[in-house]
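Sequential numbering of the sequence shown, starting at 1, is according to the UniProt record's numbering. Each residue gets a CB set at the ideal place from its N, CA and C atoms; glycine is no exception. What follows is a short report on a single structure.
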Amino acid sequence: MLKLNQKKLSYTFDRCQQCGICYAVCPENAISLFLRHDGLHDIKINAALCIACGKCVRSCPANKEYGYEGYFDGFAQKKYYLGYHADNRIRRESSSGGVCKTLIIDSLKNGMVDGAYSLKCTDSFPFAQGEFYTREHIPSFGDMPNSVYHSVMACTEIDRIQPCKRLMLVGTACQLRALNSIIKDKCDEVVRVCIFCKQQKTLDSTRFLAKMMGTSVPPNLKFRPRYRGDGWPGIVRVDGFELPYSRAAQIPFGKRLWTVPGCDICGDSFGMEAGADITLMDPWTICSHNELGETLVTVHTQKGDELLQQCVSLNLEPRSFSEVEPALSLKDVWRKQVTEPAYRGRPCKKRYVRAVRAERRQQRLLRMVVEMLPRLPIICYRTLAKLPDLRNRILK
């Protein structure tokens with residue numbers, strides 16, 4: 001998170017959402033990125049080069065605060081689908097049925113958009129980076145990564161975005177907010193696809209998963225992770241070792257460990273405050289284990305629905321709000337929203353402050369246990385995952 005005070009720029013790591021937009025928009029190259037051991041980046045400011053123009057501050061998504069009034073009011077009236085690629089091979093190999101990749105590829109092929117900014121696979125850590133695709137540069141399914149469960153600075157390559165008539169932006173809510181700040185002169189119209197997100201992970205989360213598998217992430221970061229694919233919920237792999245994703249997610253996601261600090265000050269998991277037209281998420285609790293996979297799609301706008309209907313490679317099964325409500329995590333999103341002021345140091349109800357303090361204590365204790373002890377039997381991790389969630393007990 002960046003602030004400009006009396007022409008002096010300052011950076012707060014604990015509120016950084018790791019999008020990389022500040023690095024990309026700086027006109028004087030006064031901002032540098034330094035990789036930390038946990039896979040996140042520290043930002044260093046060269047005061048001699050900084051001209052205090054404020055571009056980085058205006059683009060920083062962590063600076064944008066919302067009241068979230070009425071956030072949940074329209075969910076019962078929205079359209080919902082279970083979506084998946086029509087080709088079972090692609091469906092199985094992708095994350096949750098391959099809807100996100102299919103949207104990008106089909107929309108470029110059929111002319112629904114002229115350009116799309118998303119991610120591409122790379123050979124070195126973090127194994128993904130921002131990429132601008134066009135109708136002349138349409139990616140294959142293998143060109144784009146499946147879900148990535150360590151932080152990727154997705155906005156560092158925005159200079160690749162060329163002016164176009166209709167632009168698709170794909171990212172989490174914080175990434176969409178960052179991208180919104182630079183697209184004014186890039187396109188006539190924008191379509192936003194939000195990847196539902198309650199918490200991004202540091203590389204320490206992957207280190208823990210590797211430990212569960214009986215392997216490790218090497219210090220030089222030359223390894224090959226594959227976080228999803230192989231049906232629903234899928235398989236997590238590190239250098240050939242593997243673990244069912246349903247088991248892998250229990251402690252890092254279920255207990256909110258190894259989370260990017262800036263995630264604590266974002267309660268817009270659906271990207272609605274960033275203008276999302278559709279949101280893509282995993283169908284937890286409403287879809288049983290299967291060998292193929294599907295994505296739960298929440299439609300926010302007519303534009304988003306039209307985009308979906310034009311994707312000929314997608315199969316879309318309509319669902320009612322009552323059918324999908326258990327998977328939407330609305331209560332958990334509400335918890336993030338009401339605790340955001342406490343994480344920002346703003347005045348709020350004592351109960352919310354108490355919930356944050358309890359969450360931090362529990363996170364510290366659990367991390368100490370699973371990081372310091374050697375690899376434990378799987379049953380031990382399953383037991384830890386079932387411990388009462390102190391934050392949720394306070395915020396019932």
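Stretch-stretch touch, CB-based, cutoff 8 Å, three pairs: the stretch 159–167 with the stretch 248–256 = Cβ pair count under 8 Å is below three, so no.
Leaving out five residues on either side along the sequence, give the residues of the same chain with a beta carbon under 7 Å from the beta carbon of Tyr-227.
-> Locating residue 227 in the sequence shown gives position 227, where the first residue counts as 1. The answer, listed in chain order, is Asn-146, Ser-147, Val-148, Tyr-149, Val-236.
Taking just the CA atoms, how far does Ala-52 sit from Lys-7?
-> Taking the first residue of the sequence shown as position 1, residue 7 is located at position 7. Taking the first residue of the sequence shown as position 1, residue 52 is located at position 52. Straight-line Cα distance between these residues: approximately 5 Å.
What is the rounded straight-line gap between the Cα of Lys-349 and the Cα of Val-338?
-> Residue numbering aside, residue 349 sits at position 349 when the sequence shown is read from its first letter. Residue numbering aside, residue 338 sits at position 338 when the sequence shown is read from its first letter. Cα-Cα distance, rounded: 9 Å.
Rounded to a whole number of angstroms, what is the C-alpha to C-alpha distance between Pro-261 and Ala-86?
-> On the sequence shown, position 261 is the one that residue 261 refers to. On the sequence shown, position 86 is the one that residue 86 refers to. Their backbone Cα atoms lie some 38 Å apart in a straight line.
Would you check whether the ligand COA has a heavy atom nearer than 7 Å to the C-beta of Phe-321?
-> Because no ligand of any kind appears in the structure shown, any question about the ligand COA cannot be addressed here.
Give me whichever residues DSSP pairs with Trp-232 in a beta bridge.
-> Counted from its first residue, the sequence shown places residue 232 at position 232. Trp-232 pairs with Asn-290.
Of all the alpha helix (DSSP H) runs that stay within the bounds of the stretch 8–37, which reach a length of 4 or more residues?
-> 21–25
Please name the residue or residues paired with Ile-43 in a DSSP beta bridge.
-> Numbered from its first residue, the sequence shown carries residue 43 at position 43. Ile-43 pairs with Leu-33.
Around the Cβ of Pro-244, are there at least 16 other Cβ atoms within 10 angstroms (buried) or fewer (exposed)?
-> Numbered from 1 along the sequence shown, position 244 holds the residue referred to as residue 244. Exposed: under 16 other Cβ atoms inside 10 Å.
Other residues of its chain near Tyr-80: CB distance less than 8 Å, five sequence neighbours each side excluded | Reading the sequence shown from its first residue, position 80 is the one you call residue 80. Contacts found: Leu-296, Val-297, Thr-298, Val-299, Pro-318, Arg-319, Ser-320, Phe-321, Glu-323, Val-324.
Would you decide whether Gln-18 is buried or exposed? Buried here means 16 or more other CB atoms lie within 10 Å of its CB.
-> Sequence index remark: in the sequence shown, residue 18 carries index 18 (1-based). Burial call: buried.
Under a three-way DSSP split, which group does Leu-373 fall into?
-> As a working note, residue 373 is residue 373 in the sequence shown. The answer is coil: DSSP assigns Leu-373 none of H, G, I, E or B.
Among residues of its own chain, excluding the 5 on either side of Arg-207, which ones have a beta-carbon nearer than 8 Å to its beta-carbon?
-> Your numbering for residue 207 matches position 207 in the sequence shown. Excluding five sequence positions before and after Arg-207, the CB atoms of its chain that fall closer than 8 Å to its own CB belong to Ser-216, Val-217, given in chain order.
Which value, in whole angstroms, describes the spacing of the CA atoms of His-137 and Pro-341?
-> Position 137 of the sequence shown, counted from the start, is the residue given in the question as residue 137. Position 341 of the sequence shown, counted from the start, is the residue given in the question as residue 341. Roughly 43 Å separates the two Cα atoms.
Measure how close the beta-carbons of Ile-21 and Ser-181 come, nearest whole angstrom, since I'm counting them as under 8 Å.
-> The sequence position of residue 21 within the sequence shown is 21, counting from 1. The sequence position of residue 181 within the sequence shown is 181, counting from 1. Confirmed, Cβ separation roughly 7 Å.
Meets three-Cβ-pair contact criterion under 8 Å: the stretch 44–63 and the stretch 24–36 | yes
From this set, Ser-269, Ser-246, Gly-54, which residue's C-alpha is nearest Thr-285's C-alpha?
-> Here residue 285 refers to the residue found at position 285 when the sequence shown is read from its first residue. Residue Ser-246 is the option with its Cα nearest to Thr-285.
Which of the three DSSP states, helix, strand or coil, is assigned to Cys-348?
-> Within the sequence shown, numbered from 1, the residue matching residue 348 stands at position 348. In the structure shown, Cys-348 sits in coil (DSSP, three-state: anything other than H, G, I, E or B).
So, is Glu-291 buried or exposed, given that buried needs 16 or more other C-beta atoms within 10 angstroms?
-> Numbered from its first residue, the sequence shown carries residue 291 at position 291. So Glu-291 ends up on the exposed side.
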